[in-house]
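Here is the structure we will look at, set down as structure tokens.
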Amino acid sequence: MNVKPSSVSTPLKQALRIMRRDAYRPIHPVVDVCMEIEYSTLCSFQVYDGDRIGHSVVYGPADGPGADDGMQNVRPGELVLSDEHGIIHSPTCGNGAGRLVGDTSGAALVRVLRIPGMAADTFTGAVDEAARRLSAADVLVLSADSPTGKCG
Numbered sequence: 028m029n030v031k032p033s034s035v036s037t038p039l040k041q042a043l044r045i046m047r048r049d050a051y052r053p054i055h056p057v058v059d060v061c062m063e064i065e066y067s068t069l070c071s072f073q074v075y076d077g078d079r080i081g082h083s084v085v086y087g088p089a090d091g092p093g094a095d096d097g098m099q100n101v102r103p104g105e106l107v108l109s110d111e112h113g114i115i116h117s118p119t120c121g122n123g124a125g126r127l128v129g130d131t132s133g134a135a136l137v138r139v140l141r142i143p144g145m146a147a148d149t150f151t152g153a154v155d156e157a158a159r160r161l162s163a164a165d166v167l168v169l170s171a172d173s174p175t176g177k178c179g
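For the sequence shown, position 124 (counting from the first letter as 1) is numbered 151 according to my numbering, and the numbering increases by one without interruption.
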């Protein structure tokens with residue numbers, strides 16, 4: 028996959044960094060809640076700026092590289108989170124830095140990733156806890172069975 032294990036951030040690595048510094052620097056209220064749940068469940072959370080996400084969000088396999096679709100570095104079949112403006116996240120491209128939530132973001136899109144081998148009830152519990160604590164008006168679930176959604 029051309030990914031160095033030492034460069035990959037995981038919930039455990041993030042928790043170790045915070046414990047070494049002996050402090051957590053608040054980022055955004057949504058991120059702070061997600062980080063707390065992430066550390067207790069080891070589910071991976073990604074939080075994007077809801078104001079910078081388009082209206083048609085799709086999670087599914089990429090058709091392959093293309094000059095006009097913004098997916099030049101994506102491998103065919105790679106699972107990609109995208110909208111009408113291009114890639115939000117893919118394993119080879121990473122996160123769109125301009126779409127991550129910041130301290131001035133008014134809305135957030137939260138993505139919870141199930142780590143392979145994780146018990147289904149652990150993942151479901153993390154998703155339920157996030158939905159309860161974030162009190163989101165709308166919940167958008169993207170899966171293999173339902174890969175498209177409308178935001179906004």
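Using N, Cα and C, we set each Cβ at its ideal position, and we do this for glycine too.
Taking 8 Å as the threshold (C-beta atoms), are residue j and residue i in contact?
i	j	result
C61	A158	no
D76	L127	yes
S83	V101	no
Taking the alpha helix (DSSP H) that residue i belongs to, which residues open and close that run?
i	result
V57	56 to 68
A160	Just to set this straight, residue 160 is Arg in the shown sequence, not Ala. From DSSP, the alpha helix (DSSP H) with R160 extends over 147 to 161.
So the beta strand (DSSP E) residue i belongs to, where does it begin and stop?
i	result
G181	This structure leaves residue 181 out entirely; the chain is present only between 28 and 179.
V101	Careful: V101 lies outside any beta strand (DSSP E) and carries neither H nor E.
S71	71 to 76
G125	From DSSP, G125 is part of no beta strand (DSSP E); its letter is neither H nor E.
I114	113 to 117
Give me the Cα-Cα distance between residue i and residue j, rounded to the nearest whole angstrom.
i	j	result
P143	A153	15 Å
F150	L69	9 Å
N122	I54	17 Å
A94	D78	Low local confidence applies: a pLDDT of 37 at A94 is under 50, so the model's placement there is unreliable, with the coordinate-based value given in what follows. Rounded to the nearest angstrom, the two C-alpha atoms are 26 Å apart.
S67	T119	27 Å
L80	L161	Before going on, a small fix: residue 80 reads as Ile here, not Leu. One C-alpha to the other measures close to 18 Å.
Y86	L106	7 Å
For my contact list, residue i and residue j are in at a C-beta cut-off of 8 Å; report their separation, rounded to the angstrom.
i	j	result
R138	Q73	4 Å
A89	G104	7 Å
Three or more C-beta pairs closer than 8 Å, one from the stretch 128 to 135 and one from the stretch 108 to 118: is that the case here? Inter-segment contact for the stretch 128 to 135 and the stretch 108 to 118 is absent: fewer than three beta-carbon pairs are separated by less than 8 Å.
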